[in-house]
Each structure stands twice: as C-alpha cells, then as structure tokens.
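Protein chains: 2
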Amino acid sequence: MAPMAKSATASERRTEILKSAAAAFRRRGYHGASVDEIASALEMTKGNLYYYFKNKEEILFACHEYSLDMLLALMAEVQADTASPEAKLRKLVLAFVHLILDELHGTALTLDPEALSPVLFKRVIVKRDQFDQGVRAIIQLGIDEGSFKAGDPKLIEFAMMGAVNWIPKWFDPEGPATSNQIGDAFADYLVGGLLKP
Amino acid sequence: MAPMAKSATASERRTEILKSAAAAFRRRGYHGASVDEIASALEMTKGNLYYYFKNKEEILFACHEYSLDMLLALMAEVQADTASPEAKLRKLVLAFVHLILDELHGTALTLDPEALSPVLFKRVIVKRDQFDQGVRAIIQLGIDEGSFKAGDPKLIEFAMMGAVNWIPKWFDPEGPATSNQIGDAFADYLVGGLLKP
DNA sequence: TACGTCCTTAAACGCTCGTTCAAATCCATG
DNA sequence: CATGGATTTGAACGAGCGTTTAAGGACGTA
Numbered sequence: 455m456a457p458m459a460k461s462a463t464a465s466e467r468r469t470e471i472l473k474s475a476a477a478a479f480r481r482r483g484y485h486g487a488s489v490d491e492i493a494s495a496l497e498m499t500k501g502n503l504y505y506y507f508k509n510k511e512e513i514l515f516a517c518h519e520y521s522l523d524m525l526l527a528l529m530a531e532v533q534a535d536t537a538s539p540e541a542k543l544r545k546l547v548l549a550f551v552h553l554i555l556d557e558l559h560g561t562a563l564t565l566d567p568e569a570l571s572p573v574l575f576k577r578v579i580v581k582r583d584q585f586d587q588g589v590r591a592i593i594q595l596g597i598d599e600g601s602f603k604a605g606d607p608k609l610i611e612f613a614m615m616g617a618v619n620w621i622p623k624w625f626d627p628e629g630p631a632t633s634n635q636i637g638d639a640f641a642d643y644l645v646g647g648l649l650k651p
Numbered sequence: 455m456a457p458m459a460k461s462a463t464a465s466e467r468r469t470e471i472l473k474s475a476a477a478a479f480r481r482r483g484y485h486g487a488s489v490d491e492i493a494s495a496l497e498m499t500k501g502n503l504y505y506y507f508k509n510k511e512e513i514l515f516a517c518h519e520y521s522l523d524m525l526l527a528l529m530a531e532v533q534a535d536t537a538s539p540e541a542k543l544r545k546l547v548l549a550f551v552h553l554i555l556d557e558l559h560g561t562a563l564t565l566d567p568e569a570l571s572p573v574l575f576k577r578v579i580v581k582r583d584q585f586d587q588g589v590r591a592i593i594q595l596g597i598d599e600g601s602f603k604a605g606d607p608k609l610i611e612f613a614m615m616g617a618v619n620w621i622p623k624w625f626d627p628e629g630p631a632t633s634n635q636i637g638d639a640f641a642d643y644l645v646g647g648l649l650k651p
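Here you go:
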C-alpha cells in the first residue's frame with residue numbers, strides 16, 4: 455500500500471540529514487566535520503546514517519546537488535522571463551542572496567567540492583558550469599544590446615559570483631544587515647556598476 | 455658566531471614549509487591535508503616538521519600571518535599615497551590580485567581560519583579587520599567627497615573582497631587570463647562600478 | 001681526532017573517525 | 001496476537017593521522 459506520512463517519510467529524513475550535514479560541513483569543512491557530529495545533531499546514531507546514505511562522500515554530493523538544483527531552477531525561471539538583461543541580473547542576484555542566506559543557510563558552493571572523488575566532482579562541475587553559462591549569457595546580452603559597459607563576461611561573472619558566494623563567510627544572522635538589505639545592496643553595486651553611464 | 459648562509463637558513467626552511475603547507479591546505483583544506491603530505495613534498499620526513507613548528511595548527515597560523523602581513527603592508531603603502539580614492543582603490547585591487555595569484559599562489563584568506571583555536575583565530579581576525587577597515591575608509595572617503603555613488607561601505611567592501619578572494623577558486627594558471635588581465639578587469643568592474651556617472 | 005650543536009630520521013603511540021554488521025526495536029498489516 | 005519488513009542501535013574494526021621520542025648523522029670548531 456501507499457506508505458503513510460506518519461512522523462517522517464524516508465525522503466524527509468534524508469533531507470533532515472542533508473541539512474545537518476550542510477551545517478556541519480559549513481562550520482568545519484568536509485574533512486573537519488565528523489559523521490558522528492552530523493548524526494548526533496539529529497539525535498541519531500552515526501551508524502543509522504548508513505541506512506540512508508552509502509557513505510560520507512555521498513552526503514556531500516547530495517548537498518551539492520540539492521543546492522545546485524535550486525540554483526538551476528532559479529536560472530530557468532529567470533531565463534523564461536522576458537525582462538531586460540539588467541532586470542534579469544537584478545532578479546538573479548536578489549534571489550541568489552535570498553536562497554543562500556534564508557534557504558540554504560550559507561551553504562551553496564562553499565562546501566568544498568574538491569573533496570569529492572573525480573566522478574562525483576565532475577557531475578557537480580557540470581551543473582555549476584551550466585549556471586555560470588547562464589549568467590554569462592545574460593551579461594553578454596546586455597553588452598551586445600548596449601546597456602552594459604564593454605568587458606569580458608566571463609571575468610565579470612566570476613567577480614559577481616565570487617562576491618555572492620563569499621557572503622556566508624561574513625554573514626551573521628544576528629548582525630545588522632538582513633538578507634534583503636544585502637541582496638539589494640549587492641544588486642545595486644554588482645548590476646548597477648555594469649550599466650553604461 | 456653569525457650563522458653562515460650555507461644551503462638554507464632555518465628561516466628560509468620555515469618559509470619553504472609554509473609554501474608547501476599553503477599549497478596543501480589550498481588543495482585539500484586544513485583538515486584534509488596531512489602533515490606527511492606537506493613534508494614529503496619537500497622530501498623531508500614529517501617528524502622533521504616538528505623541529506620548525508610546534509604543531510600543525512601553528513603552521514596554519516603562520517600561513518595566515520604571512521599573507522595578512524603582506525596585505526597590511528600593501529594597505530600601508532596605499533594609505534601613504536595621496537591619490538584620489540578611485541586611484542587608491544584601483545591600486546589596491548590590482549596589487550591584491552597580483553599578490554594572491556603570483557605571490558601567494560592562491561593562498562590568502564581561503565585557508566580556513568576557523569580551523570584555528572580561539573586564541574589564534576582572534577589574532578587572525580584582528581589583522582583581517584584592520585585590512586577591511588582600511589578598504590572601507592577609502593570607500594567612505596570617495597562617497598563623502600562625491601566621486602562614488604552612495605551606498606553602505608561595509609557591504610560594498612564585502613562584495614569587493616569576496617570577488618577577489620574567490621579568484622583562487624576558479625583561477626587556472628594554464629588558462630587564458632593572466633593575473634594582470636584579471637586585475638585590470640576586476641578593477642574596471644569593481645572600482646569603475648562605484649563611480650558616479 | 002673529539003666535541004657539541006644543529007638538524008634529521010624512523011618507529012611507535014594514542015586517538016579519532018568512517019564504515020560494517022548482527023542483533024534489537026518499531027510498527028502497519030493480516 | 002503474530003508476522004515481516006523497515007528502521008535503529010551499539011559495539012567493534014581497521015586505517016590514517018598528529019605528535020613524541022630516542023637515537024643517529026652532519027659539520028664547524030677546538
């Protein structure tokens with residue numbers, strides 16, 4: 455029969471683990487965080503984790519996929535939009551900051567993907583490249599249509615994404631700036647700075 | 455008597471170790487890199503490292519101090535300059551990129567300082583804050599004197615530094631972009647974007 | 001040659017951590 | 001209640017790693 459949604463489905467349980475793991479990885483890094491740490495934050499034993507995941511690496515990989523899929527969904531949404539490159543980029547930055555801070559709790563591309571074995575690493579890189587290309591395409595469009603200053607879209611995109619990806623390194627939830635304020639300020643600076651005078 | 459500069463002084467040896475350690479930390483992270491890995495890259499045994507450093511953590515700390523001292527020296531130089539805020543910022547970004555890529559080989563603030571014990575961590579933070587404040591002061595000056603757009607200097611500084619600190623994550627020495635091209639492009643975008651139209 | 005200091009080595013210790021596994025427990029169903 | 005699959009436990013293992021230590025070498029000096 456169809457399984458009941460009793461207290462927590464297996465899929466929900468996996469997600470819980472991913473959130474705990476992501477928090478631990480972010481605090482201590484992949485190698486610094488222990489499997490036991492991830493488990494006991496959920497009041498389960500570490501052995502139990504292996505019922506849901508093959509090993510630690512697979513947990514890290516799932517974290518990356520989870521984040522990247524959200525980013526790619528965002529990208530698809532933006533691409534479907536018919537707004538100007540400027541508006542698209544603004545929306546992207548705003549949503550990205552919101553996603554990283556409020557949804558993923560500072561856990562996007564910061565989690566060292568190099569810790570993955572070559573096969574899984576490559577799969578992460580493919581998705582990340584897909585996102586990068588999307589951003590670059592918007593920048594290129596703005597340059598072509600003449601609303602953005604000339605420049606290398608690749609380097610500009612790296613700078614934009616670097617600024618945003620770095621946020622978790624200094625963000626303090628107790629601090630003065632809310633995620634919305636940060637998003638606005640970053641969009642103003644990073645997108646506004648691209649516009650031709 | 456004064457020690458001879460035979461093949462390598464003790465101080466040079468320490469620096470060699472720091473360079474090897476920085477490379478290893480950058481590749482695998484602090485916890486991911488083993489002491490043995492650092493040592494054997496220099497064709498020495500791991501036990502020998504403990505003649506030069508008390509423990510692994512002290513090596514990480516020394517890496518940070520080394521980088522931060524160079525950054526602070528750069529900041530002092532820029533501050534002594536009498537140029538415009540725009541010129542100062544440009545110089546700072548250019549030199550920062552050059553420093554990170556050519557001198558430190560992608561090893562500035564990327565090496566997880568959170569791995570340090572509270573005491574050493576605090577000492578790193580103090581220096582990093584000192585640098586941050588310096589950058590913010592320049593931005594504030596530009597805003598006050600009216601050459602820069604209005605904005606929160608703190609958030610703008612975070613964005614700038616994030617963009618620059620992220621460079622090692624994607625930089626490929628074999629790639630098409632040289633450190634000078636990257637420096638120029640980043641200065642154009644990050645500083646140029648601040649200017650009032 | 002003999003000494004003493006600086007440097008290096010090799011081996012061992014102790015601890016942590018990822019992973020495995022057989023047994024125990026839970027729980028919807030018949 | 002009894003069954004059986006899903007889930008959880010607790011203990012154990014084996015490997016890797018940071019660190020210590022005692023002894024060995026290199027080498028300028030007396």
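First to last, the sequence lines map onto chains A and B.
In this text, residue positions in the first sequence follow this note's numbering: the first is 455, and each later residue adds one.
In this text, residue positions in the second sequence follow this note's numbering: the first is 455, and each later residue adds one.
The beta carbon of each residue, even a glycine, is placed where N, CA and C say it ideally should be.
What you are looking at is a predicted structure, and each value in this text was computed from that prediction instead of being measured.
Proximity below 9 Å, CB of residue i to CB of residue j
i: B/G588; j: B/V532; result: yes
i: B/L496; j: B/E470; result: yes
i: A/L548; j: A/I610; result: no
i: B/E540; j: B/G596; result: yes
i: B/W620; j: A/W624; result: no
i: A/R590; j: A/K603; result: no
i: A/L484; j: A/D598; result: Checking the sequence shown, residue 484 of chain A turns out to be Tyr, not Leu. No, Cβ-Cβ distance for A/Y484 and A/D598 is not below 9 Å.
i: B/D606; j: A/A631; result: yes
i: A/R482; j: B/E568; result: yes
Close-in-space but distant-in-sequence residues of the same chain around residue i (CB under 8 Å, 5 per side omitted)
i: A/T561; result: A476, A477, F479, R480, C517, S521, I554, P622
i: B/F515; result: L570, L574, R577, V578
i: A/L503; result: I471, V489, I492, A493, I513
i: B/E557; result: M524
i: A/G600; result: K650
i: A/K545; result: V532, D535, A537
i: B/A487; result: A475, A478, F479, R481
i: A/M455; result: Note that A/M455 has pLDDT 34, beneath the 50 cutoff, so the model's placement of it is unreliable and the number below is only indicative. Counting only Cβ-Cβ distances below 8 Å, and skipping sequence neighbours, we find nothing.
Anticipated Cβ contact below 8 Å, residue i with residue j, distance rounded
i: B/I492; j: B/S465; result: About 18 Å; that fails the 8 Å criterion.
i: B/G637; j: B/H559; result: The pair is not a contact, with the Cβ atoms about 15 Å apart (cut-off 8 Å).
i: B/I592; j: B/L543; result: 6 Å
Cβ shell of residue i (< 7 Å), same chain only, five flanking positions each side left out
i: A/K510; result: V489
i: A/Y506; result: R467, R468, I471
i: A/A459; result: With a pLDDT of 38 at A/A459, under the threshold of 50, the modelled position of that residue is not reliable, and no figure is offered here.
i: A/F612; result: none
i: A/S633; result: V551, H552, L555, D556
i: B/Q594; result: P607
Other residues of its chain near residue i: CB distance less than 6 Å, five sequence neighbours each side excluded
i: A/P457; result: Low local confidence applies: a pLDDT of 37 at A/P457 is under 50, so the model's placement there is unreliable, and no value is given.
i: A/K500; result: V489, D490, A493
i: A/F550; result: V618
i: B/L528; result: A549
i: A/L563; result: N619
* Could I get the ranges of all uninterrupted alpha helix (DSSP H) runs contained in the region 477-540 of chain B, with 4 residues as the minimum, in chain order? => 489-494, 500-506, 510-534
* Asked: Would you call the region 636-643 of chain A and the region 578-595 of chain A in contact, with 3 or more CB pairs under 8 Å?
  -> no
* **Whole runs of the alpha helix (DSSP H) within the region 600-630 of chain B, excluding any shorter than 4 residues** => 607-619, 621-624
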